[in-house]
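Per the working numbering, the sequence shown starts with residue 11, numbered consecutively. Heads up, the beta-carbon is just placed ideally off N, CA and C, and yes, glycines get one too.
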Amino acid sequence: MNFWWVNQNQTFSSEIGGGYLWSPKTKKDGGRNVFYDNMTAVRPGDIIFSFYGQHIGTLGVAQGPAVTSQKPEEFGAITNWSKEGWRLPVRFFKAETAIRPADHMDVIGPLLPDKYAPLQASGRGNQGVYLAALSPELGKLLLHLCDSENSVAVDETTEITTEQRTDIPATTKMQIVQARRGQGAFREGVIKIEKQCRVTGLSESGFLVASHMKPWSVSSDEEKLDGNNGLLLAPHIDRLFDRGYISFEDDGSLLISSALPEEVAKAWGLRDKYTPRSFRKAQLPYVAYHRKDVFKREQD
11 MNFWWVNQNQ TFSSEIGGGY LWSPKTKKDG GRNVFYDNMT AVRPGDIIFS
61 FYGQHIGTLG VAQGPAVTSQ KPEEFGAITN WSKEGWRLPV RFFKAETAIR
111 PADHMDVIGP LLPDKYAPLQ ASGRGNQGVY LAALSPELGK LLLHLCDSEN
161 SVAVDETTEI TTEQRTDIPA TTKMQIVQAR RGQGAFREGV IKIEKQCRVT
211 GLSESGFLVA SHMKPWSVSS DEEKLDGNNG LLLAPHIDRL FDRGYISFED
261 DGSLLISSAL PEEVAKAWGL RDKYTPRSFR KAQLPYVAYH RKDVFKREQD
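Next up, the structure:
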């Protein structure tokens, strides 16, 4: 998985809405442009940070390679680019937290490339830059700043990578992909261990979500399918758990992050009387991972 940064201005709405990136192949004079050449270097599963209005609020996951394509009609007269260019299929996701890079230049600046950087030292976009390559260190930092390390976008890129693997049988691929959605063998394994939502007490499994404690995107193949790595949760509780607003102690006691608005905690019954249930020994490593690496503690 590689990381990219796209500076989008007038084409933002068209590209985000249409699920693509588009650039000409060359400069006006026919010369090469590294930011256009980068379109052909993107691979399926690569993550793209969209910079628009001085903010990163959207993440993209490349769905395939760039192909030759005519300039989108919806661009109209907003660019004077040539008609033929590269079109890259991208699935876009809203970042968990939109950030203004200028507010984080103390940590972003040292990781910017010396050449072909997408940003100025001030945090404003560099004019003339379209698609720029990022180092793994900067890509991971931006995911962290956007609270998107365990986001749908990261799951999406991991799923694409899984589908491309040749070292596992097709049936195993299918099981791993199904596990991302809380389905298949993973869900069956969770239901054998967890009989109800630990917060609401609901036991009708058809209304509960099988959720990974150690996020699917960072789990091994075995962990992705291990029923001990899952909980059955009501959909709204699953949302809080996935985003790190709640977690559990080993004895089953509920942890509520100070980052969760009190209005939400009360409205969703998190302050109601709660009877904890201890976890099985095989579940404890997963519970500990979630508590340490996903749960939003006060210092986060």
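### Message
Check this for me: beta carbons of Leu270 and Tyr284, under 7 Å apart or not?
### Response
Working through the sequence shown from its first residue, we reach residue 270 at position 260. Working through the sequence shown from its first residue, we reach residue 284 at position 274. The Cβ atoms of Leu270 and Tyr284 do not sit closer than 7 Å to each other.
### Task
Using the Cα positions of Arg208 and Arg249, report the straight-line distance between them to the nearest angstrom.
As a first step, residue 208 is located in the sequence shown; it is residue number 198 there, counting from the start. As a first step, residue 249 is located in the sequence shown; it is residue number 239 there, counting from the start. Distance between the alpha carbons of Arg208 and Arg249 is about 14 Å.
### Query
Apart from the five residues on each side of it in sequence, which residues of its chain come closer than 8 Å, Cβ to Cβ, to Gln309?
What you label residue 309 is simply residue 299 of the sequence shown in a count that begins at 1. Legend: pLDDT at Gln309 = 47, less than 50; position of this residue unreliable, no value from coordinates given.
### Message
Just to confirm my understanding: we take Phe102, look at its own chain, exclude 5 residues before and 5 after, and list those with CB closer than 6 Å. What are they?
### Response
As a first step, residue 102 is located in the sequence shown; it is residue number 92 there, counting from the start. The answer, listed in chain order, is Ile26, Thr68, Gly70.
### Task
Please name the residue in Arg53, Glu94, Ser92 whose C-alpha comes closest to that of Pro75.
Position 65 of the sequence shown, counted from the first residue, corresponds to residue 75. When C-alpha distances from Pro75 are compared across Arg53, Glu94, Ser92, the shortest belongs to Arg53.
### Query
Closest by CA to Ser79, which one among Gln293, Trp32, Val297?
Taking the sequence shown and counting its residues from 1, one reaches residue 79 at position 69. Checking every option, the nearest Cα to that of Ser79 belongs to Trp32.
### Query
Could you give the residue range of the alpha helix (DSSP H) that holds Leu155?
For the purposes of this step, residue 155 is taken as the residue at position 145 of the sequence shown. That run of the alpha helix (DSSP H) goes 146 to 155.
### Query
Nearest CA to the CA of Leu243: which residue from Glu233, Met223, Asp236?
Here residue 243 corresponds to residue number 233 of the sequence shown, with the count starting at 1. Across the set Glu233, Met223, Asp236, the C-alpha of Met223 shows the shortest separation from the C-alpha of Leu243.
### Task
Quick one: grab the DSSP three-state call for Ile178.
In the sequence shown, counting from the first residue as 1, residue 178 sits at position 168. In the three-state reduction of the DSSP assignment, Ile178 falls in the coil class, being assigned neither a helical nor a strand state.
#### Entry: Gly237 and Gly199 closer than 7 Å at C-beta
In the sequence shown, counting from the first residue as 1, residue 237 sits at position 227. In the sequence shown, counting from the first residue as 1, residue 199 sits at position 189. Result yes, Cβ atoms of Gly237 and Gly199 sit closer than 7 Å.
### Query
How big is the Cα-Cα spacing for Pro295 and Leu235?
Position 285 of the sequence shown holds residue 295. Position 225 of the sequence shown holds residue 235. Distance between the alpha carbons of Pro295 and Leu235: 15 Å.
### Query
Taking buried to mean at least 16 other C-beta atoms within 10 Å of its own C-beta, is Ser213 buried or exposed?
The residue given as residue 213 occupies position 203 in the sequence shown. Ser213 should be labelled exposed.
### Query
Considering only C-alpha positions, which residue in the set Lys38, Pro34, Met49 is nearest to Lys81?
Within the sequence shown, the letter at position 71 stands for residue 81. Checked all of Lys38, Pro34, Met49; the closest Cα to Lys81 is Pro34.
### Message
One question on the structure: do Ser227 and Thr168 come within less than 7 Å of each other, judged by their Cβ atoms?
### Response
Locating residue 227 in the sequence shown gives position 217, counting from the first residue. Locating residue 168 in the sequence shown gives position 158, counting from the first residue. At a Cβ-Cβ threshold of 7 Å, Ser227 and Thr168 count as neighbours.
#### Entry: Alpha-carbon spacing of Ala127 relative to Pro225, whole angstroms
Sequence index remark: in the sequence shown, residue 127 carries index 117 (1-based). Sequence index remark: in the sequence shown, residue 225 carries index 215 (1-based). For Ala127 and Pro225, the distance between alpha carbons rounds to 32 Å.
### Among Ala220, Ile247, Arg134, the one whose alpha carbon lies nearest that of Leu264
Here the question's residue 264 lines up with position 254 in the sequence shown. Comparing Cα positions, the closest option is Ile247.
### Neighbourhood of Gly149 by C-beta distance below 6 Å, restricted to the same chain and skipping five residues each side
Against the sequence shown, residue 149 aligns to sequence position 139. Contacts found: Phe13.
#### Entry: Stretch pair the segment 58 to 67 + the segment 119 to 126: three plus CB contacts closer than 8 Å
Flag = no, the segment 58 to 67 and the segment 119 to 126 do not touch.
### Message
The alpha helix (DSSP H) that contains Tyr255, what's its start and end?
### Response
Stepping through the sequence shown from its first residue, residue 255 is reached at position 245. Taken as a continuous stretch (DSSP letters only), Tyr255 belongs to no alpha helix (DSSP H), as it is neither H nor E.
### Query
Is the beta carbon of Val219 less than 7 Å from the beta carbon of Gly192?
Counting from one through the sequence shown, the residue named residue 219 turns up at place 209. Counting from one through the sequence shown, the residue named residue 192 turns up at place 182. The Cβ atoms of Val219 and Gly192 lie closer than 7 Å to each other.
### Message
Can you confirm whether the segment 126 to 146 touches the segment 33 to 51 when touching is taken to mean that 3 or more C-beta pairs between the two stretches lie within less than 8 Å?
### Response
Three or more pairs of CB atoms, one per stretch, sit closer than 8 Å, so the segment 33 to 51 contacts the segment 126 to 146.
### Buried versus exposed call for Ser161 [16 or more other C-beta atoms within 10 Å across all chains shown]
Locating residue 161 in the sequence shown gives position 151, where the first residue counts as 1. Here Ser161 is buried: its Cβ has 16 or more other Cβ atoms, across all protein chains shown, within 10 Å.
### Task
State yes or no: is the C-beta of Ala105 within less than 7 Å of the C-beta of Ser158?
Here residue 105 corresponds to residue number 95 of the sequence shown, with the count starting at 1. Here residue 158 corresponds to residue number 148 of the sequence shown, with the count starting at 1. Taking the C-beta atoms as reference points, Ser158 is found nearer than 7 Å to Ala105.
#### Entry: Start-to-end residues for the beta strand (DSSP E) that takes in Gly67
The residue labelled residue 67 in the question sits at position 57 within the sequence shown. Counting along the chain, the beta strand (DSSP E) containing Gly67 begins and ends at 65 to 72.
### Message
Using only the alpha-carbon positions, how far apart do Gly349 and Glu84 sit?
### Response
One cannot answer for residue 349 here, as it falls past the ends of the chain, which runs 11 to 310.
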